[in-house]
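Each remark here refers to the structure printed beneath this line.
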Amino acid sequence: MSRIGKNPVTIPAAVTVEMNKQTLTIKGAKGELTQEVPTGIEVKIEDNTIVVDRKNNSKPLRALHGTIRALAANMIVGVSDGYTKRLMIEGVGFKAVLQGRVVVLSLGYSHEIHFKIPDGVEITLEGNGTEVIITGYDKQKVGQAAAQIRSYYKAEPYKGKGVRYKDETIRRKAGKAVA
């Protein structure tokens, strides 16, 4: 039995959960999320908990058992509390500016990078555009937006310039040594 999959997911009071055929729908204060449940995986809603079970022990169903339970737990956290990712922009002249639903990034290139904010995601800036805060109720969208902004100029190990997660540590290198 999957160690993660066998644990029930508790449903907070402000969250409603519905199972319609093979679609799991979770509604909360922040929004609404849906997830298709593969055939062979059963999702039961009983006494303010979600219990995920599988019909047999085939390898694909064993792989999906814990995954569906984790996705349901992430959806409940998302619609009740939401998710946040923080990015730091370091470097001389490196900054971000918010223009409507577009983040304009100045990252040392000859041009500015325009990042269109996806639906369901909010971006705010702090520290004169050097800290980007990405929030939303869908964990996948928040993480994807953060990873895409970070991919434009990953922090390099010599001077530490670039975009990095706030809790990320950049291992610094010494550079060239003059004899």
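Quick note, in the numbering used here, the sequence shown goes up one by one and the last residue is 186. Every residue gets a Cβ at the ideal spot worked out from N, C-alpha and C, and that includes glycine.
Ignoring anything shorter than 4 residues or poking outside the segment 94-124, list the alpha helix (DSSP H) runs there in chain order. none
Sequence-distant residues of the same chain with beta carbon closer than 6 Å to Q42, five excluded per side: Position 35 of the sequence shown, counted from the start, is the residue given in the question as residue 42. Hits under 6 Å: L31, L78.
Could you pull out every unbroken alpha helix (DSSP H) segment of at least 4 residues lying fully inside the segment 135-167, listed in chain order? 146-158
Coarse secondary structure for T74, derived from DSSP in three states: Position 67 of the sequence shown, counted from the start, is the residue given in the question as residue 74. T74: helix per DSSP, three-state reduction.
Residue burial classification, V185 (beta-carbon count within 10 angstroms, cutoff 16): Walking along the sequence shown from the start, residue 185 turns up at place 178. Exposed: under 16 other Cβ atoms inside 10 Å.
What does the Cβ neighbour count give for A181, buried or exposed, with the cut at 16 atoms within 10 Å? On the sequence shown, position 174 is the one that residue 181 refers to. A181 comes out exposed.
For K66, the three-state DSSP class (helix, strand or coil): Your numbering for residue 66 matches position 59 in the sequence shown. Helix.
I believe L94 touches V128 by the beta-carbon criterion, under 8 Å. Please report the beta-carbon distance rounded to the nearest angstrom. Locating residue 94 in the sequence shown gives position 87, counting from the first residue. Locating residue 128 in the sequence shown gives position 121, counting from the first residue. Not really, about 13 Å apart at Cβ, beyond 8 Å.
Cutoff 8 Å; reference L71; Cβ partners in own chain excluding five residues on either side: As a working note, residue 71 is residue 64 in the sequence shown. P45, G47, I48, R61.
DSSP three-state label for N81, please. Stepping through the sequence shown from its first residue, residue 81 is reached at position 74. Here N81 sits in helix by DSSP.
Just checking my contact of A103 with G143 at CB under 8 Å: how many whole Å lie between their CB atoms? Position 96 of the sequence shown, counting from 1, holds the residue named residue 103. Position 136 of the sequence shown, counting from 1, holds the residue named residue 143. So it is not a contact: roughly 17 Å between Cβ atoms.
V170 - partner residues in DSSP beta bridges: The residue labelled residue 170 in the question sits at position 163 within the sequence shown. V170 is bridged to I96, K161.
Top-ranked residue by Cα proximity to K146, from V16, T23, D88, A36: Position 139 of the sequence shown, counting from 1, holds the residue named residue 146. Comparing Cα-Cα distances from K146 to each of V16, T23, D88, A36, the minimum goes to D88.
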